[in-house]
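Trainee:
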Amino acid sequence: MKTSVIRKSDAKIWRAKLTAPFRTAKGQHDLLENVLFSIELSDGVRGYGEAAVATHITGETVPETLRNLKEAARAMPGRSLTGFPEIAEAFREKFGKNKCALAALEMALLDAAARVKKMPLWRVFGSRLRTLRTDMTVVLGSVPEAEAAVQDILRRGIRSFKVKIGRDFDLDLKRVVAITTIAKRFPIYLDANQGFTAVQTLKFLKELTKLKIQPALIEQPVPKGDWDGLKKVTREGGVLVCADESAGSLEDAKRIILEKAAGAINIKFTKTGLLEAYEIAHLAKRHGIKLMIGTMMETPLAVTAAAHLAAGLGGFDFIDLDAPFFMAEAVTRGHFVTRSGVYDLGKVKAGIGVTPLYTPGVCIVGHTRCVQGASKT
Ligand SMILES: [Mg+2]
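Under my numbering, the residue at position 244 of the sequence shown is numbered 601, and the numbers go up by one with no gaps.
1) How long is the line joining the alpha carbons of residue 443 and residue 449, rounded to whole angstroms?
2) Please state whether DSSP places residue 709 in a helix, a strand or coil.
3) Which term fits residue 556, buried or exposed, when burial requires 16 or more other beta carbons within 10 angstroms of its beta carbon?
4) Measure the alpha-carbon distance for residue 596 versus residue 573 and round it to whole angstroms.
5) Grouping DSSP H, G and I as helix and E and B as strand, with all else coil, what is residue 557?
6) Rank 566, 564, 567 and 614 by C-alpha distance to the C-alpha of residue 587 and give the top, closest one.
7) Using three-state DSSP, classify residue 656 as helix, strand or coil.
8) Between the C-alpha atoms of residue 571 and residue 497, what's the straight-line distance to the nearest angstrom?
9) Does DSSP classify residue 492 as helix, strand or coil?
10) Taking the C-alpha atoms as reference points, what is the distance between residue 422 and residue 455?
11) Taking only runs that begin and end inside the segment 466-519, name each unbroken beta strand (DSSP E) of 3 or more residues, in chain order.
12) Do residue 503 and residue 532 have their beta-carbon atoms positioned less than 7 Å apart in this structure?
13) Under a three-way DSSP split, which group does residue 531 fall into?
14) How close, in whole Å, do the beta carbons of residue 577 and residue 602 come, if the pair is a contact with beta carbons under 8 Å?
15) Starting from residue 586, trace the alpha helix (DSSP H) in both directions and tell me its first and last residue.
16) Taking the alpha carbon of residue 342 as the reference point, which residue from 378, 548, 371 and 417 has its own alpha carbon closest?
17) Going by DSSP, what residue range makes up the beta strand (DSSP E) through residue 598?
18) How many angstroms separate the CA atom of residue 519 from the CA atom of residue 428?
19) Take residue 692 as the anchor and find which of 683, 685, 668 and 702 has the nearest alpha-carbon.
20) Identify, in the order they occur along the chain, each residue of the same chain with its Cβ nearer than 7 Å to the Cβ of residue 591, setting aside the five sequence neighbours on each side.
21) Taking one C-beta from the segment 368-388 and one from the segment 671-688 each time, how about it: are there three or more such pairs within less than 8 Å?
22) Could you compute how far the alpha carbon of residue 569 sits from the alpha carbon of residue 581?
23) Tell me the DSSP secondary structure of residue 639 in three-state form.
24) Is the segment 483-490 in contact with the segment 662-676, if contact means three or more CB pairs nearer than 8 Å?
25) Assuming residue 650 contacts residue 662 under a Cβ cut-off of 8 Å, what Cβ separation, rounded to an integer in Å, is found between them?
26) Would you mind reading off the limits of the alpha helix (DSSP H) that contains residue 413?
27) Just checking, does the segment 396-416 make contact with the segment 640-650 on the three C-beta pairs under 8 Å criterion?
28) Which class does residue 382 belong to by DSSP, given the choice of helix, strand or coil?
29) Can you round the beta-carbon distance between residue 575 and residue 552 to whole angstroms, since I take them to be within the 8 Å contact cut?
30) Taking 6 Å as the cut-off, is the C-beta of residue 450 nearer than that to any heavy atom in ligand 1?
31) Tell me whether residue 576 counts as near ligand 1, meaning its Cβ is closer than 6 Å to at least one heavy atom of that ligand.
32) Identify which residue in 653, 465 and 460 has its Cα closest to the Cα of residue 381.
33) On the premise that residue 631 lies in contact with residue 467, defined as a C-beta separation below 8 Å, what is that separation, rounded to the nearest angstrom?
34) To the nearest angstrom, how far is it from the Cα of residue 694 to the Cα of residue 409?
35) State the CB to CB distance for the pair residue 678 and residue 699, rounded to an integer number of angstroms; the pair is presumed to be in contact (CB under 8 Å).
36) Do you know offhand how far residue 606's Cα is from residue 665's?
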């Protein structure tokens with residue numbers, strides 16, 4: 358098919374200012390710094406993908422990701438989109454552990470393929486469209502900062518909260534109490550980003566129980582290699598445990614299921630690429646594991662791509678697609694999430710429906726204030 362031949366391809370660093378530093382137990386984002394990958398077909402149809410680099414979790418770096426995607430861009434011209442599975446497989450091998458590069462490549466190819474077919478990306482994953490309602494994150498900080506954040510979130514109309522914990526036990530406890538005092542009745546998801554031990558986590562949950570606070574789940578309480586700790590919290594915590602950093606591959610997901618290490622998995626394209634994320638989600642659903650859809654610090658391009666998976670495949674109990682709310686500047690065109698966190702992809706005509714804006718100050722290669730190794734997670 359003539360239109361499915363790739364004519365050109367490119368990779369470049371993509372930066373955007375954030376509304377405020379995004380603080381987690383493992384690092385801080387002052388600026389979004391990702392890699393944008395694009396392809397253009399012979400008939401002018403384009404596809405876009407985004408690689409979000411999370412150095413402290415995966416070991417990937419921006420220079421390595423850019424280098425890999427530039428190499429892929431050089432290899433793209435002349436290839437046919439119908440060879441998508443083979444292309445993805447070849448670059449999976451080539452990129453090795455640089456999974457966010459694979460995610461960007463697969464995203465761009467699928468975006469273009471769906472555009473050629475004139476169908477929205479969610480149809481690639483399922484036959485029925487679901488509306489998604491995202492939570493919003495309260496990042497690490499002081500108690501007054503947490504209170505102000507919750508009030509802002511409630512004013513938006515968002516009714517579920519992800520609360521970052523894991524750096525300071527006593528302060529985190531005070532923050533959770535302050536947040537639940539304001540946001541009574543609404544679910545909160547705690548995310549320790551590997552910051553606690555199993556014993557600390559169990560103590561933290563016990564303190565909350567004493568205060569009659571019941572989180573809907575606790576995400577990645579312990580370091581990703583601490584499987585015994587993860588299982589202990591799952592067995593003894595009395596709260597749903599969601600594996601994020603521990604669920605970095607299909608193999609990890611199989612182990613989680615086999616060893617009953619967690620009751621939920623946070624699915625992110627950046628950790629595995631799109632195809633493997635889809636496989637993990639399918640496998641987890643079959644085994645009664647609950648699903649969260651999440652992203653790193655990503656622009657509306659990659660976040661909307663993730664929304665397509667959750668909206669098309671279904672079965673996602675927890676939606677954590679709030680990264681666009683932390684962008685201080687518009688870096689994309691096409692908008693499918695409301696201020697109150699509702700993703701409705703019914704208006705997407707083809708592909709992801711979101712494209713990068715090439716304006717001065719958006720795609721800049723040069724000075725960065727991004728703290729190395731930080732990510733949303
Ligand atoms: Mg997380």
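Where is the CB? At the ideal position from N, CA and C, for every residue including glycine.
Mentor: According to the structure data:
1) 10 Å
2) DSSP places residue 709 in coil when its eight states are reduced to three.
3) Exposed is the call here.
4) 7 Å
5) helix
6) 614
7) coil
8) 20 Å
9) coil
10) 7 Å
11) 493-495
12) yes
13) helix
14) 5 Å
15) 584-593
16) Here the chain has residues from 358 to 734 only, and residue 342 is not among them.
17) 598-600
18) In a straight line, the C-alpha of residue 519 is about 37 Å away from that of residue 428.
19) Among 683, 685, 668 and 702, the Cα nearest to that of residue 692 belongs to 702.
20) 598, 617, 618, 619 and 620
21) yes
22) 29 Å
23) helix
24) yes
25) Not confirmed; about 11 Å, so no contact.
26) Start and end: 412-415.
27) no
28) coil
29) Contact doesn't hold; Cβ gap of about 11 Å is too wide.
30) no
31) yes
32) Cα-wise, what sits closest to residue 381 is 653.
33) 6 Å
34) 20 Å
35) Incorrect: roughly 11 Å between the Cβ atoms, too far for contact.
36) 20 Å
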